[in-house]
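With the numbering used here, the residue at position 136 of the sequence shown is 175, and numbering never jumps. Think of the CB as a built atom: it goes at the ideal place given N, C-alpha and C, for glycine as much as any other residue. Bear in mind the structure is a predicted one, so any value in this text is a computation, not a measurement. Encoded as structure tokens, the structure appears first; notes follow it.
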Amino acid sequence: MKKILILGGGLSGLAAGIRALELGYIPTIIEKNEYAGGLCTSYVRNGSINDLCIHYLLGIGNEPMKEIYKHFGCLNNASIIKLPYLFRFYYFDKTITVSRDLNQFKNELLSYAEIEDIKEVKRFIKYIKNMEYFPMIAKKSTEIMTRFEYILTGMSYLKHMPSYSKISRVSIEEYANRFKSDILKSFILSFMPKSFSIVYLIGLIAKFVTGNADILNISSKDFSYNVLNKYLSLGGKILYNEEVLKLEYNDNKISKVITKNNSFTDFDFVINAMPLNYFYNNILDEKYRTDLVYKEINDLDNNKILSSFIVFFKVKKEYSHQIPHYFILNNKNNIDVAGNINPSIGFRSYDYIHNSDNTITISAIVDQDYKNYSFWEDLKYKSTYEQYKNDKAKELILMLEERFSFLHGLIEISDIITPLSFNKWGNVLYGGYLSNLSTKTSTRGIFEVKSSYVSNLYHAGQMVYMIGGIVGALINGKFAVEVIDYHNKKSR
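Here it is as structure tokens:
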């Protein structure tokens, strides 16, 4: 039986391990941290369960992706929470709620529209309808499809392409400027950074209205450990505290993987389940890089990363029914975090995860990108680092208290994390827990699974496939092993 060494014990590495065992390989996962799950995790601080990952599970309703979740054990001991709305946007004294009822949502948008906006609101709703059930490539990697399968896959996108082609190259800022109404303009700008493609917002709403963007009643750590337990139950092996430092090569193959504590040579194939940009920039020898991939993962103006400054708060559980599960507040006080003044700031209430001290956790999520990272690096070595974080957290508390007066004096800070935290935990470039995200000027497609220059190297990780996050991680872990199996059988 051939052996696979998997670099990284996040969701992608765990999924690869499970698929390897199912196909008759012997996998070993090496993980830099002392826990599995990568950035799909949560932790306890000051009595609060602070969740870092799951916002929405895409494809959780009636799409093929749900079978992927089931296959990898993600849904064990968990129930799906059907959300009444996707998020609620507060703009001064006005509110927009993204309802599951698309007509209700449309009427709410129209109620704030200027006469000149009416056509664009209807067009926006039409785009959402046309993007419903937008297919995700989940069954088989395009690298090993037959020509017929490839054509069928392409045909599955045909009915969505008229809308997709019109919006994929339009930035959120450009789309917002199509509206005259200030609240509609601010609403469009509220959910993601302005340079990102509007297709992300439209696509997410389309998933939600079809029942394919909801959450589970468990934490992100529990979700990851469901996958870990499936891997271990099949006989899988995982080694912790094994941060990869260097690769050695022989005849265009990886012959040795050197970590902080060990070196590994007993393998036939290597799957990189680490962040692709970190692996390419820090681990893979320069002569083995694919030029196009290297160029695109480092073109951060056109292929964006997304990081965050996150503050976790605690409030008494008795107030949970008065706080929306996900809401966005207009940043009318122009709170500046690391040189960024975001037009709005998102908050999430984890009322489905109960802290031991009868409180619930609320997180404030302030978008950051690679340009903010140097600010945090410089500040880290100054005595003002902790003070700055706490000052910003207090500004966010005032923002919450202004919106929800009943919370005045009752909000407690649990923990504060910056892009540096994501970099430390996950070896992600500039703290970007999502990377290579599309903008109107993006050139990227689907990155290679099988390396062009290293014959026994295969890539997984959430951003190999164009859609990242949990979906991308699980699919890419699965694909990496299936591509190995395809080439292994072909070579016999």
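Tell me the residue span of the alpha helix (DSSP H) that contains Glu212.
Your numbering for residue 212 matches position 173 in the sequence shown. Looking at the DSSP string, the run of the alpha helix (DSSP H) that includes Glu212 is 211-215.
Quick check on the burial criterion: 16 or more other C-beta atoms within 10 angstroms. Buried or exposed for Phe262?
Counting from one through the sequence shown, the residue named residue 262 turns up at place 223. It is buried - the Cβ of Phe262 has at least 16 other Cβ atoms within 10 Å.
Whole-angstrom C-beta distance between Glu212 and Leu228, which should lie under 8 Å
Start at 1 with the first residue of the sequence shown, and residue 228 comes out as number 189. Start at 1 with the first residue of the sequence shown, and residue 212 comes out as number 173. Right, their Cβ atoms sit about 7 Å apart.
Cβ pair count under 8 Å reaching 3, the segment 307-316 against the segment 40-47
yes
Select from Ala512, Ser388, Ser294 the residue whose C-alpha is nearest the C-alpha of Val493.
Taking the sequence shown and counting its residues from 1, one reaches residue 493 at position 454. Of the listed residues, the one whose Cα sits closest to Val493 is Ser294.
So, are the CB atoms of Leu473 and Ile344 less than 8 Å apart?
Within the sequence shown, residue 473 is the residue found at index 434, counting from 1. Within the sequence shown, residue 344 is the residue found at index 305, counting from 1. Cβ distance < 8 Å, so Leu473 and Ile344 count as in contact.
Determine the extent of the beta strand (DSSP E) in which Tyr382 is found, giving its start and end residues.
Within the sequence shown, numbered from 1, the residue matching residue 382 stands at position 343. One detail in the question is off: residue 382 reads as Pro in this sequence, not Tyr. Pro382 -> no beta strand (DSSP E), and no H or E assigned at all.
What are the boundary residues of the beta strand (DSSP E) that includes Phe126?
To locate residue 126, count along the sequence shown from 1; it is residue 87. Note, Phe126: beta strand (DSSP E), 124-130.
Could you tell me whether the Cβ atoms of Gly516 and Ser180 are closer together than 8 Å?
Taking the sequence shown and counting its residues from 1, the one referred to as residue 516 is at position 477. Taking the sequence shown and counting its residues from 1, the one referred to as residue 180 is at position 141. No. Outside cutoff.
What are the boundary residues of the alpha helix (DSSP H) that includes His110?
One-based indexing of the sequence shown puts residue 110 at position 71. Run containing His110: 104-110, per the alpha helix (DSSP H) assignment.
Could you check how far apart the C-beta atoms of Phe351 and Asp454 are, in whole angstroms? I think they sit under 8 Å.
Your numbering for residue 351 matches position 312 in the sequence shown. Your numbering for residue 454 matches position 415 in the sequence shown. The pair is a contact, with the Cβ atoms about 5 Å apart (cut-off 8 Å).
Take the Cβ of Leu513 as the centre, count every other Cβ of all protein chains shown within 10 Å, and call the residue buried at 16 or more, exposed below.
The count along the sequence shown starts at 1 and reaches residue 513 at position 474. Answer is buried; the Cβ neighbour count reaches 16.
Would you call Met170 buried or exposed, if buried means 16 or more other Cβ atoms sit within 10 Å of its Cβ?
Position 131 of the sequence shown, counted from the start, is the residue given in the question as residue 170. Met170 comes out buried.
Going by other Cβ atoms of all chains shown within 10 Å of its Cβ, with 16 needed for buried, is Ile277 buried or exposed?
For this step, residue 277 is matched to residue 238 along the sequence shown. So Ile277 ends up on the buried side.
Short Cβ contact (8 Å threshold) for Asp307 with Lys41
Position 268 of the sequence shown, counted from the first residue, corresponds to residue 307. Position 2 of the sequence shown, counted from the first residue, corresponds to residue 41. Yes, these two residues count as a Cβ contact at 8 Å.
Tyr124 and Thr136 closer than 8 Å at C-beta:
Within the sequence shown, numbered from 1, the residue matching residue 124 stands at position 85. Within the sequence shown, numbered from 1, the residue matching residue 136 stands at position 97. Cβ atoms of Tyr124 and Thr136: closer than 8 Å.
Report the three-state DSSP secondary structure of Ser180 (helix, strand or coil).
As a position in the sequence shown, residue 180 is number 141, starting the count at 1. If DSSP states are grouped into helix, strand and coil, Ser180 belongs with coil.
Residue burial classification, Thr185 (beta-carbon count within 10 angstroms, cutoff 16)
Numbered from its first residue, the sequence shown carries residue 185 at position 146. Exposed is the call here.
At least three beta-carbon pairs within less than 8 Å, the segment 250-257 to the segment 232-240
no
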